[in-house]
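Protein chains in written order, with the working numbering: chain A, 12 to 274; chain B, 142 to 721.
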């Protein structure tokens with residue numbers, strides 16, 4: 012089975028992170044990241060019932076696609092595979108992203124505000140699909156999903172940089188390109204890093220009521236957490252999304268900003 | 142899998158009892174007033190201010206009703222220890238945000254449900270400084286308050302015990318004072334701030350002031366350091382009016398009508414008085430409640446929106462808006478997040494996000510090229526918030542995002558809190574679009590001016606310097622804004638303000654505003670404590686006026702006596718501030 016966004020010209024092997032010295036693709040892992048054996052789910056008996064129910068639903072319930080058309084859902088899968096690539100994950104341990112975004116749009120749930128220059132979220136997604144296809148057609152004379160992985164990544168990088176390749180000028184007049192990009196990337200982040208497998212990957216302790224934490228200082232692990240165990244890896248050579256150093260497009264008058272929830 | 146001693150944790154169902162934290166319960170049914178029964182004070186919004194008002198006025202014997210748009214939480218059933226699962230706590234109905242520096246709303250600064258924003262605040266509780274009340278006199282910027290720090294100080298002292306606030310014995314900034322309840326142990330982020338400040342010779346406060354219990358008290362357990370403060374404290378350790386004031390309000394006969402959205406405040410042109418409010422109940426049925434006086438406590442967006450939506454004959458530009466000030470002078474604080482990566486792990490998800498700060502740069506410094514100042518505080522983003530910060534601060538996506546997130550445990554983060562001045566054009570107006578009730582939604586416009594930009598640039602660089610001095614090898618910053626106040630400001634002059642120093646509208650004698658929207662300026666302190674202190678002061682004023690407000694338009698500006706006996710039971714006189 013091809014992974015989302017994969018085309019006949021790509022081999023899954025080429026899309027895997029590589030060893031920095033041997034340049035060989037790294038094997039897929041059931042749990043990437045630097046905390047081997049760490050499992051937030053191993054703690055679920057220590058969580059309160061409401062939290063346990065909500066988190067387990069996230070693993071066992073994948074909502075049906077109701078907002079996106081089948082074509083849109085396929086394109087969205089292809090985008091999500093670049094924004095949060097999971098080629099280092101064992102296919103059975105990949106985190107579904109598109110169904111949760113679809114669910115939010117289907118239910119009309121917003122973040123509580125809309126930027127004055129942006130259309131409603133659902134319309135923004137549809138305009139974005141249109142823009143990406145127009146760019147692919149204009150620049151490569153193919154549909155987005157017919158492009159090579161590298162071409163897809165470069166097309167999206169141009170949107171990330173707020174300097175989109177030509178072909179969709181009229182759409183970006185209606186919808187600021189950096190706001191569109193932030194909307195989609197934030198939705199992907201909100202889905203991936205809500206999943207317990209992602210918590211295991213980054214060493215986050217997950218739900219903590221009523222048990223709590225007792226080792227607060229110096230990054231020390233709880234008895235049920237594990238020490239960090241790092242390994243070196245480079246992004247796959249076909250990807251352009253892992254540059255060295257900050258990689259931020261400038262918007263001096265209208266900078267990207269967090270949706271908060273910090274203080 | 143190991144099973145906990147005593148078995149897996151299950152929430153005990155106590156037979157329909159409403160739970161506020163694991164130990165505190167409310168027995169139902171509560172008081173229910175009839176719609177045609179004229180109640181004394183109708184409070185719109187049971188949040189930080191509304192909860193305190195409701196409690197004080199009920200305890201003084203008034204017939205009081207709080208109408209709240211969101212639910213009356215049962216915290217054991219409704220809340221989760223989970224970042225993505227807590228959206229219901231935030232006001233996520235549609236709003237439009239614009240201007241040159243559009244504000245993020247929703248989870249960033251707006252609560253919904255009983256307790257309001259005090260349910261999801263990080264609970265930093267510094268007081269304003271005496272200088273904050275007179276920045277026009279001192280610095281020629283903004284506007285002076287109609288009251289002084291010394292008018293509010295007794296209420297700061299009361300609320301610090303009612304929440305209560307944990308903090309150091311000696312807090313050196315502003316009007317120096319001490320806290321009655323002990324400070325919290327340090328976490329990784331707090332240690333970073335202490336190290337950075339100490340290496341630069343900057344004073345720092347550790348372990349508070351924060352409205353989180355460091356030891357159990359009554360029916361509220363102590364903090365368990367799980368770091369989910371802004372997802373709602375299931376533990377019951379962090380103060381919210383839901384658990385600190387609402388139970389006492391209900392016990393004294395107050396009613397809360399939850400999941401009811403007020404659509405307009407009714408005004409009688411002949412008497413120039415308000416008569417009650419129209420609202421939509423949980424089933425969407427339109428209803429009307431009579432009241433002798435109305436207090437709007439909907440916070441800095443919903444309060445002006447409701448007044449604007451209540452335009453009527455005689456107040457065509459919005460109720461109580463003859464000054465054209467309703468919605469204007471909206472403020473947010475600069476809230477840039479400064480992130481630093483350390484070689485050693487930090488694990489910033491442990492301990493409350495709010496646990497150390499410095500106010501060393503709070504006051505105007507003539508050596509700088511801008512007025513007023515800022516604070517530097519700890520913050521503790523959980524993975525989703527951190528990922529969004531990496532997107533905003535570093536342009537992270539794809540494999541770069543995955544790589545940065547794998548290093549989550551190596552990052553520490555500070556938030557600067559900078560004073561942005563009140564500007565006439567930063568305002569709430571009505572948009573063309575309607576919400577699910579058919580009511581025009583708020584349009585929020587926000588733009589920085591020269592002083593604001595200079596302040597943010599200086600504060601950002603200073604905070605980056607502290608992060609580097611703490612030993613960070615890599616530093617990043619994300620532009621952001623925190624909190625909302627203003628938009629129905631208090632003042633002495635009816636031509637340039639909406640309400641007087643007690644929160645009574647200049648235009649209509651039985652209409653009050655009591656929430657963050659009355660603040661004329663904001664300082665660099667988190668506004669939650671000030672909002673609740675102002676509510677306690679307004680309550681004392683209403684109580685001292687007795688029935689006068691219900692029967693006449695007489696405006697008596699005599700300050701009321703402070704009434705510590707109206708504090709929730711067992712809070713006043715408990716604990717001993719060691720200094721101050």
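Built from N, CA and C at the ideal position, the CB exists for glycine as well.
Exercise for the section: Could you please tell me which residues of the stretch 601 to 612 of chain B, in chain order, have their CB closer than 9 Å to any CB of chain A? Expected result: none
Problem - residue 576 of chain B (DSSP reduced to helix, strand or coil) - result: The residue given as residue 576 of chain B occupies position 435 in the second chain. Reduced to three states, the DSSP call for residue 576 of chain B is coil.
Practice task
Using a threshold of 9 Å, state whether the C-beta atoms of residue 126 of chain A and residue 237 of chain B are closer than that.
Solution key: Position 115 of the first chain holds residue 126 of chain A. Position 96 of the second chain holds residue 237 of chain B. Pairing residue 126 of chain A with residue 237 of chain B gives a Cβ-Cβ distance under 9 Å.
Problem - Residues, ordered as in the chain, of the stretch 190 to 204 of chain A that lie near chain B by beta-carbon distance below 9 Å - result: 192, 193, 196, 197, 199, 200, 201, 202, 203 and 204
Practice task
Pull up the distance between the alpha-carbon of residue 706 of chain B and that of residue 713 of chain B, whole angstroms please.
Solution key: Indexing the second chain from 1 puts residue 706 of chain B at position 565. Indexing the second chain from 1 puts residue 713 of chain B at position 572. One Cα belongs to residue 706 of chain B, the other to residue 713 of chain B, and the distance between them is close to 7 Å.
Exercise for the section: Scan the stretch 49 to 75 of chain A for residues whose Cβ lies nearer than 7 Å to a Cβ of chain B and list them as they occur along the chain. Expected result: 53, 56, 57, 58, 59, 60, 61, 62, 65 and 66
Practice task
Compare the beta carbon distance of residue 678 of chain B and residue 643 of chain B with 9 Å and say whether it is the shorter of the two.
Solution key: Residue numbering aside, residue 678 of chain B sits at position 537 when the second chain is read from its first letter. Residue numbering aside, residue 643 of chain B sits at position 502 when the second chain is read from its first letter. Yes.
Exercise for the section: Please name the residue in B/406, B/361, B/371 and B/567 whose C-alpha comes closest to that of residue 384 of chain B. Expected result: By 1-based counting over the second chain, the position of residue 384 of chain B is 243. It is B/361.
Exercise for the section: Measure how close the beta-carbons of residue 491 of chain B and residue 329 of chain B come, nearest whole angstrom, since I'm counting them as under 8 Å. Expected result: By one-based count along the second chain, residue 491 of chain B stands at place 350. By one-based count along the second chain, residue 329 of chain B stands at place 188. Yes, they are in contact, since the Cβ atoms of residue 491 of chain B and residue 329 of chain B sit about 7 Å apart, within 8 Å.
Practice task
Reducing DSSP to helix, strand and coil, say where residue 236 of chain A ends up.
Solution key: Taking the first residue of the first chain as position 1, residue 236 of chain A is located at position 225. Residue 236 of chain A carries a coil assignment under DSSP once its states are collapsed to helix, strand and coil.
Practice task
For residue 199 of chain A, count neighbouring C-beta atoms within 10 Å of its own C-beta (all shown protein chains included) and say buried if the count is 16 or more, exposed if not.
Solution key: Position 188 of the first chain holds residue 199 of chain A. So residue 199 of chain A ends up on the buried side.
Exercise for the section: Could you please give the first and the last residue of the uninterrupted alpha helix (DSSP H) stretch that includes residue 676 of chain B? Expected result: The residue labelled residue 676 of chain B in the question sits at position 535 within the second chain. Run containing residue 676 of chain B: 669 to 686, per the alpha helix (DSSP H) assignment.
Problem - Expected contact under 8 Å - CB spacing of residue 373 of chain B and residue 230 of chain B to nearest Å - result: For the purposes of this step, residue 373 of chain B is taken as the residue at position 232 of the second chain. For the purposes of this step, residue 230 of chain B is taken as the residue at position 89 of the second chain. Rounded, the Cβ-Cβ distance is 5 Å, consistent with contact.
Problem - Own chain residues within Cβ distance below 8 Å of residue 222 of chain B, not counting five before or after - result: Here residue 222 of chain B corresponds to residue number 81 of the second chain, with the count starting at 1. Answer for residue 222 of chain B: 367, 369, 372 and 375, listed in chain order.
Exercise for the section: Kindly indicate which residue of B/386, B/446, B/513 and B/610 has the alpha-carbon position closest to the one of residue 207 of chain B. Expected result: As a position in the second chain, residue 207 of chain B is number 66, starting the count at 1. Among B/386, B/446, B/513 and B/610, the Cα nearest to that of residue 207 of chain B is on B/386.
Exercise for the section: For residue 168 of chain A, count neighbouring C-beta atoms within 10 Å of its own C-beta (all shown protein chains included) and say buried if the count is 16 or more, exposed if not. Expected result: Working through the first chain from its first residue, we reach residue 168 of chain A at position 157. Residue 168 of chain A should be labelled buried.
Handout entry: Extent of the continuous alpha helix (DSSP H) run through residue 229 of chain B
Key = Numbered from 1 along the second chain, position 88 holds the residue referred to as residue 229 of chain B. From DSSP, residue 229 of chain B is part of no alpha helix (DSSP H); its letter is neither H nor E.
Practice task
Could you name the residues of chain B that residue 171 of chain A contacts, counting a contact when the two beta carbons are closer than 8 Å?
Solution key: Taking the first residue of the first chain as position 1, residue 171 of chain A is located at position 160. Within chain B, the residues near residue 171 of chain A are 536 and 538.
Exercise for the section: Scan the stretch 488 to 505 of chain B for residues whose Cβ lies nearer than 8 Å to a Cβ of chain A and list them as they occur along the chain. Expected result: 488, 490, 491, 492, 494 and 495
Handout entry: Proximity to residue 212 of chain B [Cα-Cα], best of B/499, B/331, B/253 and B/574
Key = Taking the second chain and counting its residues from 1, one reaches residue 212 of chain B at position 71. That would be B/253, whose Cα lies nearest to the Cα of residue 212 of chain B.
Practice task
Measure how close the beta-carbons of residue 471 of chain B and residue 569 of chain B come, nearest whole angstrom, since I'm counting them as under 8 Å.
Solution key: Residue numbering aside, residue 471 of chain B sits at position 330 when the second chain is read from its first letter. Residue numbering aside, residue 569 of chain B sits at position 428 when the second chain is read from its first letter. Indeed they touch by this definition, with Cβ atoms about 6 Å apart.
Problem - Cutoff 9 Å: residue 446 of chain B Cβ touching any chain A Cβ - result: By one-based count along the second chain, residue 446 of chain B stands at place 305. Residue 446 of chain B does not count as touching chain A.
Exercise for the section: Name, please, each residue of chain A whose Cβ falls closer than 8 Å to the Cβ of residue 251 of chain B. Expected result: Taking the second chain and counting its residues from 1, one reaches residue 251 of chain B at position 110. Ordered by position in chain A, the residues that pass the 8 Å Cβ test against residue 251 of chain B are 123.
Handout entry: Residues near residue 158 of chain A in its chain [Cβ-Cβ closer than 8 Å; skip 5 each side]
Key = In the first chain, counting from the first residue as 1, residue 158 of chain A sits at position 147. Excluding positions up to five away in sequence, the list reads 18, 147, 151 and 166.
Handout entry: Contact with chain B by residue 215 of chain A, beta-carbon distance below 9 Å
Key = One-based indexing of the first chain puts residue 215 of chain A at position 204. True, the Cβ-Cβ gap to chain B drops below 9 Å.
Handout entry: 9 Å Cβ cutoff, residue 257 of chain B in contact with chain A
Key = Stepping through the second chain from its first residue, residue 257 of chain B is reached at position 116. No, because no Cβ of chain A sits closer than 9 Å to the Cβ of residue 257 of chain B.
Handout entry: the stretch 112 to 143 of chain A: positions lying closer than 8 Å to chain B by Cβ
Key = 120, 121, 122, 123, 124, 125, 126, 127 and 128
Exercise for the section: Would you check if the distance between the CB atom of residue 627 of chain B and the CB atom of residue 337 of chain B is smaller than 9 Å? Expected result: Here residue 627 of chain B corresponds to residue number 486 of the second chain, with the count starting at 1. Here residue 337 of chain B corresponds to residue number 196 of the second chain, with the count starting at 1. Against a cut-off of 9 Å, the Cβ pair of residue 337 of chain B and residue 627 of chain B comes out as no contact.
Problem - C-alpha distance - residue 53 of chain A paired with residue 604 of chain B, whole-angstrom precision - result: Numbered from 1 along the first chain, position 42 holds the residue referred to as residue 53 of chain A. Numbered from 1 along the second chain, position 463 holds the residue referred to as residue 604 of chain B. Rounded to whole angstroms, residue 53 of chain A to residue 604 of chain B spans 39 Å at the Cα level.
Handout entry: Integer Cβ distance of residue 39 of chain A from residue 100 of chain A, believed to fall under 8 Å
Key = Residue mapping note: residue 39 of chain A aligns to position 28 of the first chain, counting from 1. Residue mapping note: residue 100 of chain A aligns to position 89 of the first chain, counting from 1. Between residue 100 of chain A and residue 39 of chain A the Cβ distance is about 6 Å, and since that is below 8 Å, they are a contact.
Practice task
Tell me residue 171 of chain B's beta-bridge partners as DSSP assigns them.
Solution key: The residue labelled residue 171 of chain B in the question sits at position 30 within the second chain. The secondary-structure analysis by DSSP pairs residue 171 of chain B with nothing; it has no beta-bridge partner.
Handout entry: Limits of the unbroken alpha helix (DSSP H) element including residue 472 of chain B
Key = Counting from one through the second chain, the residue named residue 472 of chain B turns up at place 331. Secondary structure note for residue 472 of chain B: it is in no alpha helix (DSSP H), and the uninterrupted beta strand (DSSP E) holding it is 472 to 475.
Exercise for the section: With a 10 Å radius around its C-beta and 16 neighbouring C-beta atoms as the bar for buried, classify residue 252 of chain A as buried or exposed. Expected result: As a first step, residue 252 of chain A is located in the first chain; it is residue number 241 there, counting from the start. Residue 252 of chain A should be labelled buried.
Practice task
For chain B, find out if any of its Cβ atoms is closer than 9 Å to the Cβ of residue 7 of chain A; answer yes or no.
Solution key: What is shown of chain A runs 12 to 274, which leaves residue 7 of chain A out entirely.
Practice task
Compare the C-beta of residue 24 of chain A against all C-beta atoms of chain B and say whether one is closer than 9 Å.
Solution key: Here residue 24 of chain A is taken as the residue at index 13 of the first chain, counted from 1. Cβ-Cβ to chain B under 9 Å: no for residue 24 of chain A.
Problem - For residue 533 of chain B, the first and last residue of its enclosing alpha helix (DSSP H) - result: Mapped onto the second chain, residue 533 of chain B falls at position 392. Per DSSP, residue 533 of chain B belongs to the alpha helix (DSSP H) from 524 to 535.
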